[in-house]
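Each remark here refers to the structure printed beneath this line.
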Amino acid sequence: MTTTTLVPDLPAGNRRPVRAGRPLTRVSGLGLGVAMVWFSLLVLIPLAAVVVTASEGGWDGFWRTVTNEQTAATIRLTVGTALLVTLVNIVMGTLIAWVLVRDRFFGKRALEVLIDVPFALPTIVAGLVLLSLYGPDSPLGVNIANTRIAVFLAFLFVTLPFIVRTVQPVLAELDQEAEEAAASLGASRFSTFRRIILPSLTPAIAAGAALSFARAVGEYGSLVLLSGNLPMRTEVASVRILSSIENDNPDSAAAVAVVLLAISLAVIVVLDVLQRRVMRRG
């Protein structure tokens, strides 16, 4: 709860309300302290340790690692494919969420359950399933093993639920009276979606997109069997990091991890800025 106060040193005509928050109580302060300690142990300290490890070889060593031809190829493949998968998920995830919320059809509950399968399924099992369906012995006659399409497909599989599950509850809570009023005033369905529905869904879409991108960038298990991890072709950054650790080169592994961290943070910031602009224009 907040209170509204007035700035005392300004003339009455120029006074403006100031939002003042209530001070922390002992209980809330203790809760904040515990939360920050827990967050530091799980996130901040490990991330700081990775950055420190990456810097042990100096800037020259860091730069040589990330600009190495094989390492650079893995980063380009991982980030590029993750971005493409995120764009696909933004469209298809929102569409699936719309169908689940606004339509009634036979098998809807079964579809609700199946969407969450990538959450519960071990990623190595997902790779085995994809290899069985799209590998050399594919019953469909489609063999994409050891290709970049396999990387794209694996990323799609493991990131499918994120945008669906972030958009679905927000869409379900939207008041449809505003849509009906816009339709009665002659607005097209596209205009109604763009001006009324999309601004409300944008924060959820952005949150799901950030989760989707982060999951794709760090994916490993579903790629082991399907992509073949071929250097300069289908090797992703997570495999490159593991290879560096196995070769007793933690500095190189940490350097690649720091690059991925920086890219992920940049993507999250960009998504946040875009969602704010869309909401203002809506």
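In UniProt numbering, the protein residues as written are 1 to 282.
Every residue, glycine too, gets a C-beta built ideally from N, C-alpha and C.
Everything numeric in this text was worked out from a predicted model, so none of it was measured.
Coil, strand or helix - residue i by DSSP
i	result
residue 94	helix
residue 6	Low confidence applies to residue 6: its pLDDT is 47, below 50, so where it sits in the model is not reliable enough to give any reading.
residue 81	helix
residue 192	helix
residue 269	helix
residue 284	Absent from the model: residue 284. The displayed extent of the chain is 1 to 282, so no value can be given.
residue 12	Bear in mind that a pLDDT of 46 at residue 12, under 50, signals an unreliable position, so the model cannot answer this.
residue 176	coil
residue 238	helix
residue 106	coil
residue 251	helix
residue 20	With a pLDDT of 49 at residue 20, under the threshold of 50, the predicted position of this residue should be treated as unreliable, and no value is reported.
residue 60	helix
C-beta atoms of residue i and residue j nearer than 9 Å
i	j	result
residue 159	residue 211	yes
residue 253	residue 245	yes
residue 195	residue 204	no
residue 155	residue 219	yes
residue 226	residue 83	no
residue 126	residue 136	no
residue 182	residue 192	yes
residue 224	residue 260	no
Cα-Cα separation between residue i and residue j, rounded to whole angstroms
i	j	result
residue 67	residue 147	23 Å
residue 229	residue 221	11 Å
residue 139	residue 33	56 Å
residue 208	residue 184	32 Å
residue 251	residue 262	16 Å
residue 200	residue 108	24 Å
residue 215	residue 111	22 Å
residue 231	residue 70	7 Å
residue 62	residue 128	35 Å
residue 270	residue 165	21 Å
residue 74	residue 37	35 Å
Option nearest residue i by Cα separation, candidates the options
i	options	result
residue 85	177, 123, 55, 161	161
residue 149	163, 192, 134	134
residue 91	218, 277, 232, 198	198
residue 283	129, 94, 271	What is shown of the chain runs 1 to 282, which leaves residue 283 out entirely.
residue 81	269, 233, 249	233
residue 49	258, 264, 276	258
residue 72	239, 192, 269, 105	239
residue 276	163, 36, 202, 35	202
residue 266	79, 44, 36, 65	79
CB contact check: residue i to chain C, cutoff 9 Å
i	result
residue 202	Reference to chain C is not applicable here, since this structure consists of a single protein chain.
Where residue i falls, given that 16 or more other Cβ within 10 Å makes a residue buried
i	result
residue 296	Residue 296 lies beyond the range of the chain shown here (1 to 282); nothing can be said about it.
residue 96	buried
residue 180	exposed
residue 152	buried
residue 176	exposed
residue 100	buried
residue 54	buried
residue 157	buried
residue 25	exposed
residue 213	buried
residue 30	exposed
residue 317	Coverage of the chain is limited to positions 1 through 282, which leaves residue 317 absent and any answer about it impossible.
residue 236	buried
residue 89	buried
residue 13	Low per-residue confidence applies at residue 13: pLDDT is 47, beneath 50, and the placement is therefore not dependable, though the value from the model is reported in the following sentence. Exposed, because fewer than 16 other Cβ atoms sit within 10 Å of the Cβ of residue 13.
residue 28	exposed
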